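Participant: For the sequence shown, full-length UniProt numbering begins at 1 and goes up steadily by one. Beta carbons are placed, not taken as given, at the ideal position from N, Cα and C, and that holds for glycine. None of the values given here were measured: they were computed from a predicted structure.
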Amino acid sequence: MPPEIISETTFNHTVDNWAVGVLLYEMLVGQSPFHYDDTAEIVDAIIACNFMIPRSVRQEPAELIKQLIVKEAARRASLTDVMSHSWITSMSGISAN
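1) Taking the Cβ atom as the reference point for each residue, do PHE34 and ALA73 lie within a distance shorter than 8 Å?
2) Just the C-alpha distance for PRO54 and VAL29, rounded to the nearest angstrom, thanks.
3) Suppose the cutoff is 8 Å on Cβ atoms and the five residues either side in sequence are ignored; what does the same chain contact list for ILE6 look like?
4) State the DSSP-derived secondary structure class of ARG75, mapped to helix, strand or coil.
5) Just the C-alpha distance for ASP37 and TRP18, rounded to the nearest angstrom, thanks.
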């Protein structure tokens with residue numbers, strides 16, 4: 001859940017971009033980027049957009065995740081940006097078009 005939904009402010013389609021970033025993180029790391037035992041800590045981390053990507057994650061996917069899990073919705077990568085990202089286009093059979 002992105003910060004704007006937690007804060008109950010106006011939101012748009014970029015909440016989906018946030019979700020893509022979180023899903024990529026979870027697929028590559030095996031846990032949530034906001035992995036805490038306490039719900040209040042999770043909420044605080046999401047609102048502050050406080051997360052770390054382990055060094056075991058390669059640079060290209062880490063960069064994409066950092067472009068998607070961004071506090072300011074207007075600064076998040078668009079889905080067009082995702083599909084044209086070098087990590088995505090380098091995969092066999094995937095085209096930016």
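Facilitator: Reading it off the structure:
1) no
2) 8 Å
3) VAL43, ILE46 and ILE47
4) In the structure shown, ARG75 adopts helical secondary structure according to DSSP, grouped into three states.
5) Spanning the alpha carbons of ASP37 and TRP18 requires a straight line of approximately 22 Å.
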